[in-house]
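Visitor: Once you've had a glance at the structure underneath, I'll fire off some questions.
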């Protein structure tokens, strides 16, 4: 999910990661083979100095986000006290899948999931599922790297206020691009294409903002540049302390780790009725992940004037989070999805695709295969 809560993105400093592959398992998929690896990622990021204690209970968390969604400037002014360097090495869980037959361009996609999901957003339903984007990429002859972002899944879960912030996530993604360009396990890739969902798209925008054409092409999903719906949508999450909401899964996490309250909030924010399978909604609730307070307070998609490579934006017409469920509305002479071009002002190759009857969780809808086909067609047409 993406919110322009902050009109400010921290300046991030590039870290030098020394990669030592530690492959832990292999997983089979239709059309290829996957290897799971935990990578030590060294980052040097300029985070915001958030002077804020973890909430002592749910009432404190609720009050914080009530104030944030009603008077964000006051909250930001209260808790943001300049910048602070975050220099650390984190263990990041990754999965690199190689196709049975690689395309001529030796394409690898780097997939960045958003809030609410771990890496399995890109393989919903598992092997053979119609919702499995990994297998769609493999079928097109592309390798694809998915990973659990910092604070999620099998990756490290450090301090969720001081460390797990957007600038640090941007640096981790940057280092993973460098990893892919460094011939992992002797595998050479000719081009690296980024694909993000929601906060993952915010992360890609952050990479483009600082590093320009690090990606050969960028696929933005679940995002527009329209920010007016962001705070009202966040209010509907009824954010809860993760360790209290799902103690079996999140009991060891600090109270700065949050999740939406329940399946009703999930449906409202991610799904467009009736274009989904109720079992997929339940699955996404059972496997949900959230975000840290540090991420919420640093979440912004900055314009990227240094980026000139191709971009496509794929956002559902009924995305509640980014368009108040009407992405076809016209603002400044264009619909909200086309209007996202303002985030990439220097590219001359901008496209958009708007899946019908589709909410924020693009990959979780019944028409996901058609959406995947459009994305892969766009990549093929890059030449």
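Numbering (mature numbering (1 follows the signal peptide of the UniProt record, and there is no 0)), first residue to last: -17 to -1, 1 to 366.
Cβ atoms here follow ideal geometry from the backbone N, Cα and C, with glycine treated the same way.
None of the values given here were measured: they were computed from a predicted structure.
Between residue 323 and the rest of its own chain, which residues show a CB-CB distance below 6 Å, the 5 nearest in sequence each way excluded?
Guide: As a working note, residue 323 is residue 340 in the chain shown. Closer than 6 Å at Cβ, skipping near neighbours: 207, 208, 296.
Visitor: Roughly how far, in whole angstroms, is the beta-carbon of residue 92 from the beta-carbon of residue 176, given that I think they are within contact range, below 8 Å?
Guide: As a first step, residue 92 is located in the chain shown; it is residue number 109 there, counting from the start. As a first step, residue 176 is located in the chain shown; it is residue number 193 there, counting from the start. Right, the Cβ-Cβ distance comes to about 5 Å (below 8 Å), so this counts as a contact.
Visitor: Return the chain-ordered list of same chain residues with a C-beta closer than 6 Å to the C-beta of residue 332, the five sequence neighbours on each side being excluded.
Guide: Here residue 332 is taken as the residue at index 349 of the chain shown, counted from 1. 293.
Visitor: Taking the beta strand (DSSP E) that residue 80 belongs to, which residues open and close that run?
Guide: Locating residue 80 in the chain shown gives position 97, counting from the first residue. Segment 63 to 82, the beta strand (DSSP E) holding residue 80.
Visitor: In whole angstroms, give me the CA-to-CA distance for residue 281 and residue 302.
Guide: Residue mapping note: residue 281 aligns to position 298 of the chain shown, counting from 1. Residue mapping note: residue 302 aligns to position 319 of the chain shown, counting from 1. Those two C-alpha atoms are separated by around 22 Å.
Visitor: Spell out the partners DSSP gives residue 268 in its beta bridges.
Guide: Translated into the one-based positions of the chain shown, residue 268 becomes position 285. Paired residue(s): none; residue 268 is not in a bridge.
Visitor: With a 10 Å radius around its C-beta and 16 neighbouring C-beta atoms as the bar for buried, classify residue 262 as buried or exposed.
Guide: Start at 1 with the first residue of the chain shown, and residue 262 comes out as number 279. So residue 262 counts as exposed.
Visitor: Quick one: give me the first and last residue of the alpha helix (DSSP H) that residue 227 is part of.
Guide: Sequence index remark: in the chain shown, residue 227 carries index 244 (1-based). Residues 225 to 228.
Visitor: When you compare each of 121, 329, 150, 214 to residue 69 by their alpha carbons, which one comes out closest?
Guide: For the purposes of this step, residue 69 is taken as residue 86 along the chain shown, with counting starting at 1. Nearest C-alpha to residue 69: 150.
Visitor: Using the beta-carbon count (16 or more within 10 Å), is residue 192 buried or exposed?
Guide: For the purposes of this step, residue 192 is taken as residue 209 along the chain shown, with counting starting at 1. Answer is buried; the Cβ neighbour count reaches 16.
Visitor: Quick check on residue 197: does DSSP put it in helix, strand or coil?
Guide: Position 214 of the chain shown, counted from the first residue, corresponds to residue 197. Correct three-state label for residue 197: coil.
Visitor: Can you give the beta carbon distance from residue 347 to residue 114, rounded, assuming they're within the 8 Å contact cut?
Guide: Within the chain shown, the letter at position 364 stands for residue 347. Within the chain shown, the letter at position 131 stands for residue 114. Confirmed, about 6 Å.
Visitor: Assign residue 135 to one of two classes, buried (16 or more other C-beta atoms within 10 Å of its C-beta) or exposed (fewer than that).
Guide: Within the chain shown, numbered from 1, the residue matching residue 135 stands at position 152. So residue 135 ends up on the buried side.
Visitor: In this structure, how does DSSP classify residue 189 when only helix, strand and coil are distinguished?
Guide: The sequence position of residue 189 within the chain shown is 206, counting from 1. Reduced to three states, the DSSP call for residue 189 is helix.
Visitor: Do you know offhand how far residue 157's Cα is from residue 190's?
Guide: Within the chain shown, residue 157 is the residue found at index 174, counting from 1. Within the chain shown, residue 190 is the residue found at index 207, counting from 1. Taking the straight line from one Cα to the other gives about 7 Å.
Visitor: Spatial neighbours of residue 24 within its chain, please: C-beta separation below 7 Å, excluding the five flanking residues on both sides.
Guide: One-based indexing of the chain shown puts residue 24 at position 41. Cβ within range, chain order: -1, 72, 73, 75, 155, 158.
Visitor: Counting along the chain, where does the alpha helix (DSSP H) carrying residue 216 start and finish?
Guide: The residue labelled residue 216 in the question sits at position 233 within the chain shown. Start and end: 213 to 218.
Visitor: Here's a check: name, in chain order, each residue in its chain whose Cβ is nearer than 6 Å to the Cβ of residue 387, leaving out the five neighbours to either side.
Guide: Residue 387 is absent from the structure shown; the chain starts at -17 and stops at 366.
Visitor: Return the bridge partner residues of residue 180 from the DSSP annotation.
Guide: Residue numbering aside, residue 180 sits at position 197 when the chain shown is read from its first letter. Paired residues: 204.
Visitor: Quick one: what's residue 313 bridged to in DSSP?
Guide: Sequence index remark: in the chain shown, residue 313 carries index 330 (1-based). Bridge partners of residue 313: 318.
Visitor: Report, in whole angstroms, the separation of the C-beta atoms of residue 223 and residue 244, which I expect to be a contact under 8 Å.
Guide: As a working note, residue 223 is residue 240 in the chain shown. As a working note, residue 244 is residue 261 in the chain shown. The pair is a contact, with the Cβ atoms about 5 Å apart (cut-off 8 Å).
Visitor: Hey, quick one: how far does the alpha helix (DSSP H) through residue 252 stretch, first residue to last?
Guide: To locate residue 252, count along the chain shown from 1; it is residue 269. Note, residue 252: alpha helix (DSSP H), 246 to 253.
Visitor: Taking the alpha-carbon positions, what's the residue 161 to residue 42 distance?
Guide: By one-based count along the chain shown, residue 161 stands at place 178. By one-based count along the chain shown, residue 42 stands at place 59. So the alpha carbons of these two residues sit roughly 43 Å apart.
Visitor: At which residues does the alpha helix (DSSP H) containing residue 172 begin and terminate?
Guide: The count along the chain shown starts at 1 and reaches residue 172 at position 189. It is not in any alpha helix (DSSP H) - residue 172 carries neither H nor E in the DSSP assignment.
Visitor: Under 8 Å by Cβ, that's how I've got residue 181 and residue 98 pegged, so tell me the actual separation to the nearest angstrom.
Guide: Mapped onto the chain shown, residue 181 falls at position 198. Mapped onto the chain shown, residue 98 falls at position 115. Confirmed, about 6 Å.
Visitor: So, for residue 285: in the same chain, excluding its five sequence neighbours on each side, which residues have a beta-carbon less than 8 Å away from its beta-carbon?
Guide: Taking the first residue of the chain shown as 1, we reach residue 285 at position 302. Closer than 8 Å at the Cβ level, and outside the excluded window around residue 285, lie -9, 188, 189, 192, 326.
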